[in-house]
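S.K.: Read the sequence shown against this note's numbering and you will find it ends at 305, with the numbers running on by one and no gaps.
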Amino acid sequence: MSSVAESPSSLAVASRTEESATVLTVDGVLDASNSPTLRDHILQATLDEPAAVIVNISALKVIAELAWSTFIGAHWQARSNPNVPIVLVCAHRGTREAISRSGVSYFMPVYSTEKAALKALSQQSRRAVRRADAQLPADLTSLRESRRLVREWLTTWSQSTLIPVALVVVNVFVENVLEHTPSVPVMRLESHGATATIAVSDSSHAPAVRLPSPTTGIDVSGLAIVEALSRAWGSTPTASGKTVWAVIGPENQL
Numbered sequence: 052m053s054s055v056a057e058s059p060s061s062l063a064v065a066s067r068t069e070e071s072a073t074v075l076t077v078d079g080v081l082d083a084s085n086s087p088t089l090r091d092h093i094l095q096a097t098l099d100e101p102a103a104v105i106v107n108i109s110a111l112k113v114i115a116e117l118a119w120s121t122f123i124g125a126h127w128q129a130r131s132n133p134n135v136p137i138v139l140v141c142a143h144r145g146t147r148e149a150i151s152r153s154g155v156s157y158f159m160p161v162y163s164t165e166k167a168a169l170k171a172l173s174q175q176s177r178r179a180v181r182r183a184d185a186q187l188p189a190d191l192t193s194l195r196e197s198r199r200l201v202r203e204w205l206t207t208w209s210q211s212t213l214i215p216v217a218l219v220v221v222n223v224f225v226e227n228v229l230e231h232t233p234s235v236p237v238m239r240l241e242s243h244g245a246t247a248t249i250a251v252s253d254s255s256h257a258p259a260v261r262l263p264s265p266t267t268g269i270d271v272s273g274l275a276i277v278e279a280l281s282r283a284w285g286s287t288p289t290a291s292g293k294t295v296w297a298v299i300g301p302e303n304q305l
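(1) Express the C-alpha separation of alanine 247 and glutamine 304 in angstroms, rounding to a whole number.
(2) Sort Ile249, Arg152, Ala125, Val106 by Cα distance to isoleucine 214 and report the nearest one.
(3) Might you give, ordered along the chain, the residues of its own chain that have their beta carbon closer than 8 Å to the beta carbon of leucine 75, omitting 5 neighbours on each side?
(4) Where does arginine 261 fall in DSSP's three states?
(5) Is the CB-CB distance between serine 252 and threonine 232 below 8 Å?
(6) Can you list, in chain order, the residues of its chain whose CB lies under 7 Å from that of leucine 194, leaving out five sequence neighbours each side?
(7) Could you tell me how far apart the beta carbons of alanine 129 and isoleucine 137 are, in whole angstroms, since I believe they sit closer than 8 Å?
(8) Shortest alpha-carbon distance to alanine 279 belongs to which of Thr212, Val298, Pro188, Ala189?
(9) Roughly how many whole angstroms lie between the Cα atoms of threonine 68 and serine 109?
(10) Is it right to say arginine 90 is buried, meaning 16 or more other beta carbons lie within 10 angstroms of its own, or is it exposed?
(11) So proline 236 packs on glycine 124, CB below 8 Å; how close in whole Å?
(12) Based on DSSP bridge pairs, tell me the residues matched to leucine 240.
(13) Can you list the beta strand (DSSP E) stretches of 3 or more residues lying completely in the region 70-125, in chain order?
(14) Is the Cβ-Cβ distance between leucine 240 and valine 295 less than 8 Å?
(15) Can you give me the Cβ contacts of alanine 142 inside the same chain, cut-off strictly under 8 Å, excluding the 5 residues immediately before and after it?
(16) Closer than 7 Å by C-beta to serine 71: which residues in its own chain qualify, once you throw out the five before and the five after it? Chain order, please.
(17) For isoleucine 114 and alanine 167, what's the separation of their Cα atoms in angstroms?
(18) Roughly how many angstroms separate the alpha carbons of glycine 292 and proline 258, rounded to a whole number?
(19) Specify the secondary structure class of serine 255 as computed by DSSP and reduced to three states.
(20) Whose C-alpha, out of Arg198, Thr207, Ser151, is nearest the C-alpha of leucine 218?
Here it is, written out as structure tokens:
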């Protein structure tokens, strides 16, 4: 059984079931006006807890590479069903390379065909995602509390070697929320084998960006430090604001 939905800006999403997985086939042009619609389709598809959600974007056109963050946003907002894998399928090598540059592949694998995606998923046992969330107070006590939680969670997950760099990253992210927004910071930590991802969400839709010093022209901001210390980082729009994230691995140990 399949269904098709179209957004006002010509984005069509067809849904069907294939080997216990939900397959979404997306056609049209992805831009800022319809990216929330696509994100909502992906999140809706996880609600029935299929074996996986496969998003085939071979026919999707993306003009600005920033639009790829739609998929990272879906990853961060899939809170109710974190154990349903979301994977992408794209037949075009150049597009797959653009997806990798955008950071999306850190959160969801990209395959060249649906057959390859289904085969890879069938060979993987569904494992519990090591993930922890916390809502922090909108005051300076959240700096100390976020560091305490990161230390506690990574110790529990036997990733103590990542604690020093993770503490620096989470401190920058929480401090930026407190300094630049009136938001309550929401922190998430995820473990991916030898790597970990630190993310902090807030209710501001203004993206987190590196800004050079007006006097020297050199960026010595906290985000510059995060970029230097992490494998990848980014600022991703969500329905309620944005999520700023960084992936750290063994090569980032302090």
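Cβ atoms here follow ideal geometry from the backbone N, Cα and C, with glycine treated the same way.
M.R.: Inspection of the coordinates gives the following:
(1) 12 Å
(2) Ile249
(3) Val64, Ala65, Ser66, His92, Ile93, Ala96, Val104, Ile105, Val106, Asn107
(4) coil
(5) no
(6) Asn222, Val225, Glu226
(7) 7 Å
(8) Val298
(9) 18 Å
(10) buried
(11) Contact flag wrong, Cβ pair sits at about 17 Å.
(12) Ala183, Ile249
(13) 72-81, 104-113
(14) no
(15) Ser109, Ser163, Thr164
(16) Pro101, Ala102
(17) 26 Å
(18) 9 Å
(19) coil
(20) Arg198
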